[in-house]
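Undergrad:
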Amino acid sequence: MENFFLELTVILIIASVISILFRYLKQPPIMAYILTGILVAQLTFFSNESKISLEMLSRIGITLLLFVLGLEFKVLELRSVGKVSFITAISHIAIATVVGFIICSVLGFSPVEALFLAFALTFSSTIIIVKLLSDKKDLTSLHGKIAVGYLLVQDFCAILSLIFLAGFHDGQAPGLDILMISLVKALFLITITIIFSQYVFPKLIHSLSRSSEILFVASLAWAFGMASLVSSSPIGFSIEIGGFLAGLALANSEESTQIISKVKSLRDFFIVLFFVVLGTQLNFSDLDIVIVPALILSVFVLIGTPVTVMIILGLLGYKSRTSFLVGLSVAQISEFSLSLIILGQQLGQVSEKAVGVVTIVAIITFTLSTYLITNGDKVYDLLSPYLKIFERKGKNLEIYTATKDLNNHIVLLGADRMGRSMLKTLKDQKEDILVMDFNPDITKNLKDDGYNVIFGDIADEDILNKAGLDKAKIILSTISDFEDNIILLNFLKLQMKNKEFKPIIIVTSHLENDKTELMEAGANYVIMPYHSAGKYLAKLIRSGQIEDLI
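Under this note's numbering, the residue at position 355 of the sequence shown is numbered 366, and the numbers go up by one with no gaps.
Structure below.
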């Protein structure tokens with residue numbers, strides 16, 4: 012135990028030092044953790060028992076990550092992207108497997124190896140994508156929802172493929188009855204989860220919320236209990252799937268946000284260990300033999316995946332920006348890809364060379380896709396003139412246009428939290444308000460309530476052009492993302508260049524350092540919600556009017 016504690020301390024020290032260096036260099040922290048694992052693998056004093064313990068801790072991290080993901084995604088919200096996510100995921104798996112098989116065959120792999128490689132390369136990393144989208148606060152955006160729905164379909168296909176491969180005995184494939192039983196089990200679990208999330212857990216969790224400590228412990232007990240139940244032999248799914256279903260069951264409770272805030276720090280600690288363990292498992296043997304096919308297949312994943320996804324989403328009627336960001340999000344292989352190819356090796360179907368190729372592809376795609384996802388908006392702006400060919404003319408599922416042409420109106424960008432509160436106060440003026448948001452559920456509800464709504468992203472100039480910003484009297488952005496607000500201000504600067512009448516422009520920021528730059532870019536006012544709330548509360552306390560808050 013003392014040795015493991017020392018080894019864990021060494022890992023955390025190395026991870027901390029590299030993370031600080033990466034932050035100074037403005038590089039993603041995930042790559043710092045993977046690099047830590049690569050370095051740790053070179054240290055010989057780590058025992059096999061410690062490696063097993065670290066792998067168990069890393070699986071806790073994955074379970075907690077997917078538990079939080081389930082908490083953040085309401086069951087009803089998945090309906091808006093369920094169909095498109097299913098079509099996109101299944102179509103991409105089919106197309107990528109066929110094209111990948113041809114490429115791997117040309118590279119000299121046997122038909123069986125080529126099939127294993129092609130199928131393994133179709134899966135994207137749920138862990139990396141969810142972590143990065145969460146850090147960017149893009150999980151509730153349209154492209155974030157489609158990407159996560161896509162990943163859920165992929166994960167289900169991955170489970171079925173593992174069951175299929177694990178069922179091989181003496182070269183014989185498992186029967187159709189085994190696959191059908193697995194499908195029935197999955198549908199049963201999802202149905203039970205939905206029922207519990209609607210009728211059982213909201214009241215139960217509310218009764219526990221009087222004590223935040225009890226709520227925290229009970230939530231973890233449910234997450235681990237569900238994960239253990241799902242991974243038990245009668246059901247036979249992974250503990251990670253159990254973690255996601257556990258979070259999904261609690262997502263409709265009013266306390267879900269509080270649970271997320273409690274669990275996130277614990278999740279972040281364990282997920283660091285996951286990426287460290289992932290780094291230790293990367294295989295660099297026979298580098299000279301595998302490097303050329305690995306580079307070719309990396310290009311196939313990094314370019315072929317986004318292009319395929321863009322074609323599919325374009326045919327379904329989505330704009331180039333949404334389809335590009337979804338494609339960019341899934342342009343890497345998965346941890347499952349490594350598991351699948353190693354399982355193929357254990358079955359005697361895959362050579363050491365194929366394992367080495369997938370390992371190198373994992374390193375390249377993990378690294379580059381992390382940068383691409385983090386800077387997705389900038390990459391799109393750079394390539395946008397060439398991406399319009401992926402849009403289907405005459406069909407657009409993304410834009411709810413205003414019910415009438417507005418003049419001298421208020422444009423509200425962002426209708427969640429602060430924006431929602433403002434709309435409640437100004438509901439008697441809804442005819443003079445135009446709302447823009449990129450959450451499909453928020454915009455649909457507002458449209459049903461009679462608001463003038465445009466569904467789209469503030470960073471998309473096509474969307475901004477439809478908002479009639481040049482005719483507005485007030486433009487208010489409740490979005491706190493600095494880059495999005497700069498894009499808005501630069502757009503308005505060009506739009507209002509020759510205009511005599513200019514609207515009042517109000518933007519939001521949480522950072523004092525950004526205020527000056529936003530003002531210089533053209534904002535008339537910069538709202539800092541936490542700062543304003545603190546000053547207002549202090550004023551009420553000083554004047555003895557604190558009762559006004561009741």
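C-beta atoms are modelled at their ideal positions from N, C-alpha and C, and glycine is treated no differently.
Buried or exposed, going by whether 16 or more other CB atoms sit within 10 Å of the CB of residue 109?
TA: The residue in question, residue 109, is exposed, as its Cβ has fewer than 16 Cβ neighbours within 10 Å.
Undergrad: Just to confirm the assignment: which complete alpha helix (DSSP H) runs, minimum length 4, are found wholly within the stretch 352-397?
TA: For the stretch 352-397, whole alpha helix (DSSP H) runs of length 4 or above, ordered along the chain, are 363-385, 387-394.
Undergrad: Between residue 312 and residue 364, is the Cβ-Cβ spacing less than 8 Å?
TA: No; because the gap between Cβ atoms is not below 8 Å, this pair is not in contact.
Undergrad: Between which two residues does the beta strand (DSSP E) carrying residue 447 extend?
TA: Looking at the DSSP string, the run of the beta strand (DSSP E) that includes residue 447 is 444-448.
Undergrad: Assuming residue 325 and residue 402 are in contact, meaning their beta carbons sit under 8 Å apart, how far apart are those beta carbons, in whole angstroms?
TA: Going by Cβ atoms, the distance from residue 325 to residue 402 rounds to 6 Å, so yes, they are a contact pair.
Undergrad: Who pairs with residue 519 in a beta bridge, going by DSSP?
TA: DSSP output for residue 519 lists 538 as bridge partner(s).
Undergrad: What is the DSSP secondary structure of residue 485, counted as helix, strand or coil?
TA: Strand, per DSSP.
Undergrad: Would you kindly check if the distance between the Cβ of residue 467 and the Cβ of residue 503 is under 8 Å?
TA: No, Cβ-Cβ distance for residue 503 and residue 467 is not below 8 Å.
Undergrad: Measuring CB to CB, does residue 114 end up less than 8 Å from residue 307?
TA: Yes, Cβ-Cβ distance for residue 114 and residue 307 is below 8 Å.
Undergrad: I believe residue 483 touches residue 514 by the beta-carbon criterion, under 8 Å. Please report the beta-carbon distance rounded to the nearest angstrom.
TA: Yes, they are in contact, since the Cβ atoms of residue 483 and residue 514 sit about 5 Å apart, within 8 Å.
Undergrad: Within the continuous alpha helix (DSSP H) that includes residue 565, where are the two ends?
TA: The shown model of the chain, from 12 to 561, leaves out residue 565, and the question about it has no answer.
Undergrad: Secondary structure at residue 306, three-state DSSP: helix, strand or coil?
TA: Residue 306: helix per DSSP, three-state reduction.
Undergrad: Are the CB atoms of residue 51 and residue 25 within a distance shorter than 8 Å?
TA: Contact flag set, yes.
Undergrad: Hey, out of 224, 102, 219, whose CA is closest to residue 168's CA?
TA: Here the closest residue by C-alpha is 102.
Undergrad: Looking only at C-alpha atoms, which of 112, 454, 130, 69 sits nearest to residue 354?
TA: The residue with the shortest Cα to Cα distance from residue 354 is 130.
Undergrad: Considering only residues of the stretch 307-341, which uninterrupted alpha helix (DSSP H) runs meet the minimum length of 4 residues and lie entirely inside it, listed in chain order?
TA: If we require 4 residues or more, the alpha helix (DSSP H) runs fully inside the stretch 307-341 come out as 316-326, 331-340.
Undergrad: Which residue from 283, 500, 462 puts its Cα closest to that of residue 529?
TA: It is 500.
Undergrad: What three-state label does DSSP hand residue 524 in the structure shown?
TA: Helix at residue 524.
Undergrad: Which residue's Cα is closest to the Cα of residue 164: 390, 446, 341, 243?
TA: Ranking 390, 446, 341, 243 by Cα distance to residue 164 puts 341 first.
Undergrad: What residues in its chain sit with their C-beta under 7 Å from that of residue 42, if we drop five residues either side in the sequence?
TA: 33, 378, 381.
Undergrad: Can you check DSSP and say which residues form a bridge with residue 424?
TA: Answer is 447, 488, bridged to residue 424.
Undergrad: Report buried or exposed for residue 571, applying the criterion of at least 16 other Cβ atoms within 10 angstroms of its Cβ.
TA: Look at the range of the chain in this structure, 12 to 561, and you will see that residue 571 is not part of it.
Undergrad: Residues in the same chain with beta-carbon distance under 7 Å from residue 506, minus the five sequence neighbours each way, listed in chain order, please.
TA: Closer than 7 Å at Cβ, skipping near neighbours: 480, 481.
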